[in-house]
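I have placed the structure first, in the form of structure tokens, so that the comments after it can refer back to it.
There are 2 protein chains.
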Amino acid sequence: MARYRVGLETRRRILDATREALAEDGLNDLTLKTITDRADVGAGSFYNLFDSKEAAILEVVREAIEGVDPDPAGLGKERLEDLTEAFVSFFVDPRTALAARIYLQLALAGALSDEGVATRVDRHHRARVARFAAAFLREHDALEAEQARRLAERLLAALMGACLTWVVDPEFPLQAHAMALLAAIRPAEGA
Amino acid sequence: MARYRVGLETRRRILDATREALAEDGLNDLTLKTITDRADVGAGSFYNLFDSKEAAILEVVREAIEGVDPDPAGLGKERLEDLTEAFVSFFVDPRTALAARIYLQLALAGALSDEGVATRVDRHHRARVARFAAAFLREHDALEAEQARRLAERLLAALMGACLTWVVDPEFPLQAHAMALLAAIRPAEGA
DNA sequence: TACACATTGGAGCAAACGCTCAAATTCGTG
DNA sequence: CACGAATTTGAGCGTTTGCTCCAATGTGTA
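As they're listed, the protein sequences go chains B and C. Residue numbering for the first sequence is 1 to 191, as defined by the working numbering. Residue numbering for the second sequence is 1001 to 1191, as defined by the working numbering.
Structural data, given as structure tokens:
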């Protein structure tokens, strides 16, 4: 299935419609009709290309996560400031905020039973911790590897909380607090 | 309605059943049948006492929030350590974790349209920020009121992130990170 | 006891849901 | 053009959902 050109175009239209509807109305209000109406296709076309509604949603989440995977090019050089800013962007940028919100929703609902997404998110998170830890090591000579990992873990948790607070209350000065958190968690200058 | 003794008892059974089911299976899997089966009542009895399924849920959330309202007795004396520990407990304690999780779910789903819960949660949050800010002022003389409020806001956001991380990954050493966050965000000793 | 009204259970309704199916149409290829 | 395969449509199926209705029963009061 889906080997002709038109089929692939329809598939893309459906994924776009799903992503947009998801961003606008959230996970709970997302019905098949919402998707098919928006993509301007019949229900049959949808099921010719996807096994289920959930499959389309997971594919959207997968694409979103894929889209923000760490850029291997800059590896080993970025500063903690850059990484922090990138993390904040992950939540703020409407193109990727989706993945973050849906992931949190799934996590809170205890619905992270889906093998594919769960492991993917987990791998993504571990990679991020490792990347932050490496930056900590680079910028603070006295740090041991394990200490750096702890600091990275802690900073990321704090940043996530700041982003979440901002989601709930848009007046929360996210950028300022994010940088302040980095400064606070960073080891003292003298080390 | 609900003026006889048996009615009030049934009402309590329904609220208990709703809270327990909510804690066990989450918001999405909560059907009316789940509630009525657990409370051992018919659907008619339920609707004799509540306007809708949502009304019962909101009442459960309201009670949970009410149950963790700051204790006025200790006001003006608690240390930041105590407040931090209390906040962590709010998420960890199964009796109250419910309210926190459901609130986050609602917030992420963008479903905080309900006037009652939204304002109540907001008031609750502001009170907590104020309480943390007061403790900051008490323990750090050089601080101005506005600075203390910012620190309180920042610490609470960071703590929330730590709790959320712990919800997703139970191996996250929540207690240790929470205390470390407090130490990091607290102004340096010399101030 | 007599009365008004609160309470109860559960059959079943109307709407919404994800999804199926078969017939019709479009597409790429030799 | 001819042919098989892919694609499309949308009515409608089966299920689940929140909720209604009402006859039967229980409860408090005078």
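Ideal placement from N, C-alpha and C gives every residue a C-beta, glycine not left out.
In terms of beta-carbon proximity, residue 130(B) stays away from the interface with chain C, with every pair separated by 8 Å or more. Residue 143(B) and residue 187(B) do touch by the CB rule: their CB atoms are close to 7 Å apart, below 8 Å.
DSSP places residue 1094(C) in the helix class (H, G or I) of the three-state scheme. A buried status is given to residue 1182(C), since no fewer than 16 other beta-carbon atoms sit within 10 Å of its beta-carbon. By the criterion of a C-beta distance shorter than 7 Å, residue 1021(C) is surrounded in its chain by 1030, 1034, 1035, 1038, once the five residues flanking it on both sides are discounted. The three-state reading of DSSP puts residue 1007(C) in helix, counting H, G and I together.
Of the residues 80(B), 8(B), 52(B), the one whose Cα lies closest to the Cα of residue 178(B) is 80(B). By the Cβ test, the stretch 127–144 of chain B is not in contact with the stretch 1123–1143 of chain C, since fewer than three Cβ pairs between them sit closer than 8 Å.
A Cβ-Cβ distance of about 14 Å is found for the pair residue 1157(C) and residue 1133(C), leaving them out of contact under the 8 Å criterion. Leaving aside the five residues that flank residue 1168(C) on each side, none in its chain has a CB nearer than 6 Å to its CB. If you ignore the 5 residues before and after residue 1089(C), its C-beta comes within less than 8 Å of the C-beta of 1096, all in its own chain and listed in chain order.
At a C-beta separation below 7 Å, residue 154(B) has these neighbours in chain C: 1177, 1180, 1181. Closest option to residue 1105(C), judged by alpha-carbon separation, among 1045(C), 1013(C), 1061(C): 1061(C). Each residue's CA atom was taken as its position, placing residue 1011(C) and residue 1118(C) some 24 Å apart.
Chain C has no Cβ within less than 8 Å of the Cβ of residue 31(B). Around residue 120(B), the same chain offers 62, 65 as residues with beta carbons nearer than 8 Å, after the five sequence neighbours per side are excluded. Against chain C, the beta carbon of residue 147(B) has no neighbour under 7 Å; the closest one sits roughly 11 Å away. By the CB criterion at 8 Å, residue 159(B) and residue 84(B) fall inside the cutoff.
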